[in-house]
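Residue numbers (the working numbering), protein chains in the order written: chain A, 167 to 373; chain B, 167 to 373. Glycine is no exception: its CB is placed at the ideal position from the N, C-alpha and C atoms.
Protein chains: 2
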Amino acid sequence: MNITAQTLTEMERRYRANLINSIGGFKSLVLVGTKSLEGRENLALFSSLFHLGADPALCGIIIRPQEIVENTRGNILNTKVYTINHVHPGIYQQAHQCSAKYAAGVSEFEATGLTPIFKEGIEAPFVAESKISFACKMVEEIPIKHNRTTLVIGQIFWMEIPDACLKEDGFIDIEQAGSITCSGLDSYHTTHRINRLPYAKVKKEGL
Amino acid sequence: MNITAQTLTEMERRYRANLINSIGGFKSLVLVGTKSLEGRENLALFSSLFHLGADPALCGIIIRPQEIVENTRGNILNTKVYTINHVHPGIYQQAHQCSAKYAAGVSEFEATGLTPIFKEGIEAPFVAESKISFACKMVEEIPIKHNRTTLVIGQIFWMEIPDACLKEDGFIDIEQAGSITCSGLDSYHTTHRINRLPYAKVKKEGL
């Protein structure tokens with residue numbers, strides 16, 4: 167099937183949303199935990215997390231202009247701190263449910279049954295059920311002109327990883343920890359490692 | 167294992183690279199094809215692609231300041247067009263090899279044995295072996311101050327998807343197409359669908 171710019175423009179809105187959300191490949195699937203200045207907890211599902219750099223340790227998330235994630239954006243702007251929590255098969259349905267449009271006063275933790283926990287010195291809630299979690303301090307907010315989304319850049323300052331999943335060379339075996347991936351707007355997937363490959367070097371005869 | 171900001175700072179460089187590249191979860195794995203103004207083809211492996219919006223259809227990639235991907239950046243800035251090609255188990259070793267630091271004049275297609283093909287009216291090479299490919303026009307380039315990377319935003323204007331993988335609602339079954347995901351700097355994974363979930367709605371009793 168071949169799809170052109172003209173077809174894209176004329177497409178039904180929901181069909182296009184499914185299509186364009188699928189075409190980019192598998193995505194990181196994480197729950198972002200925040201707290202308002204008034205102390206209200208918020209939890210939102212994100213699939214736009216990407217690696218920005220290792221030194222300093224930076225990652226980015228894209229926040230859409232809709233109200234549902236505006237809570238996350240507002241809390242991050244106000245408190246500068248947020249947690250990122252991996253999703254595993256035991257909590258993927260609750261994670262998905264965090265995308266429902268709850269009223270501003272409702273905590274997604276309470277609504278979905280996920281458990282907030284706090285770590286010393288970190289003012290945002292973690293998800294107790296997650297196996298891998300980390301905390302970020304917002305260092306930059308960049309508005310994306312083309313569609314009113316916002317890129318939030320965070321510096322990682324705290325991590326929790328199961329001992330057995332942290333390998334000798336610093337690689338985290340997130341598959342062993344049960345972390346899952348997603349595609350499109352609603353499809354959840356476990357993974358199966360093919361291989362880890364050695365650092366790629368130029369060889370005289372190509373491969 | 168608990169890792170703090172202090173530990174992160176003192177970590178050996180390669181160890182930290184593995185760690186921070188793993189912590190963000192599974193990633194999109196794609197080959198980005200470009201052509202220089204002089205007609206030289208370039209192919210680079212990216213794991214930073216993220217969805218930005220469906221209308222207009224936008225995605226972002228992060229380009230690091232190193233020379234190896236500078237070719238991609240230069241070509242995109244000069245020609246404004248690039249292709250994005252999914253990776254499957256049959257080509258993941260060749261895809262990985264595209265990360266080797268080939269000299270500026272060397273085409274990664276030639277070096278790895280992947281096959282460039284062109285589509286009418288699109289001035290960048292596609293990967294013939296990929297099952298899912300799409301083409302983008304660069305619409306914005308945003309420098310990230312914190313680490314000299316660049317966010318390149320592209321508008322999707324062309325797609326090719328196997329008929330059997332495009333579902334009635336616009337969802338692309340990228341797992342069925344054999345698309346794989348990656349974690350860390352060097353780990354490749356196939357996927358297994360758990361489920362597609364219905365659109366999340368607020369319920370009276372939470373879940």
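Residue-level contact check: G191 of chain A touches chain B, since one or more beta carbons of chain B fall below 7 Å from its beta carbon. Comparing alpha carbon positions, the residue from B:H262, B:A223, B:G256, B:K201 closest to S188 of chain A is B:A223.
Taking all protein chains shown into account, G279 of chain B has fewer than 16 neighbouring C-beta atoms within 10 Å of its C-beta and is therefore exposed.
For the set A:F216, A:L211, A:F212, A:R230, the Cα lying nearest the Cα of A220 of chain B is the one of A:R230. Taking a cut-off of 8 Å for Cβ pairs, the segment 309-324 of chain B and the segment 351-370 of chain A do not touch, as fewer than three such pairs fall below it. Taken atom to atom, the span from the alpha-carbon of Q321 of chain A to that of L243 of chain A is near 14 Å. Among the CB atoms of chain B, one or more fall inside 7 Å of the CB of Q263 of chain A.
Residue contact with chain B for A366 of chain A: present (Cβ-Cβ distance below 7 Å to some residue of chain B).
For Q321 of chain A, the pairing in a beta bridge is given by DSSP as A:L224, A:K303. Among the CB atoms of chain A, one or more fall inside 7 Å of the CB of H358 of chain B.
Under the 7 Å criterion on CB atoms, I242 of chain B is classed as non-interfacial with respect to chain A.
Separation of the CB atoms of S296 of chain B and H262 of chain B is rounded to 15 Å, and the pair is thereby denied contact status at 8 Å. Using a C-beta cut-off of 8 Å, the segment 336-351 of chain A makes no contact with the segment 299-306 of chain A, since fewer than three inter-stretch Cβ pairs fall below that distance.
In the assembly as shown, K201 of chain A is a buried residue. Its beta-carbon has 16 or more other beta-carbons within 10 Å. Beta-bridge analysis with DSSP links C348 of chain A to A:K193, A:Y354. Residue pairing by DSSP places N251 of chain B opposite B:L197, B:S299 in a beta bridge. At least one beta carbon of chain A lies nearer than 7 Å to the beta carbon of R362 of chain B.
For S194 of chain B, the closest of B:I250, B:I169, B:N208, B:Y181 by C-alpha to C-alpha distance is B:I250. The beta carbons of L218 of chain A and I227 of chain A sit no closer together than 7 Å. Taking each of A:E178, A:Y258, A:A290 in turn and checking the Cα distance to S213 of chain A, the smallest one comes out for A:Y258. Rounded to the nearest whole angstrom, the CA to CA distance from G191 of chain A to N361 of chain A is 19 Å. C-alpha of F300 of chain B to C-alpha of L317 of chain A: approximately 23 Å in a straight line. Look at the beta carbons and you see the segment 319-339 of chain A not touching the segment 265-284 of chain A: under three pairs across the two are nearer than 8 Å. The C-alpha of A290 of chain B is placed about 12 Å away from the C-alpha of E204 of chain B.
Here the alpha carbon of N184 of chain A sits roughly 33 Å from the alpha carbon of C331 of chain A. The DSSP-derived three-state label of N313 of chain A is coil.
Separation of D335 of chain A and Y248 of chain A (C-alpha to C-alpha, rounded to the nearest whole angstrom) is 27 Å. Between N168 of chain A and N208 of chain A, the CB-CB gap reaches or exceeds 7 Å.
DSSP places T173 of chain B inside the alpha helix (DSSP H), whose first and last residues are 171-176.
Residue-level contact check: L185 of chain B touches chain A, since one or more beta carbons of chain A fall below 7 Å from its beta carbon. Between L363 of chain A and D352 of chain B, the CB-CB gap stays under 7 Å. For F212 of chain A, the enclosing beta strand (DSSP E) begins and ends at 207-212. At a cut-off of 7 Å between beta carbons, G256 of chain A makes no contact with chain B. Counting along the chain, F275 of chain A sits inside the alpha helix (DSSP H) bounded by residues 274-278.
Shown here for Q260 of chain A: same chain residues with a beta carbon closer than 7 Å to its own, the five before and five after excluded, namely T278, G279, L280 in chain order.
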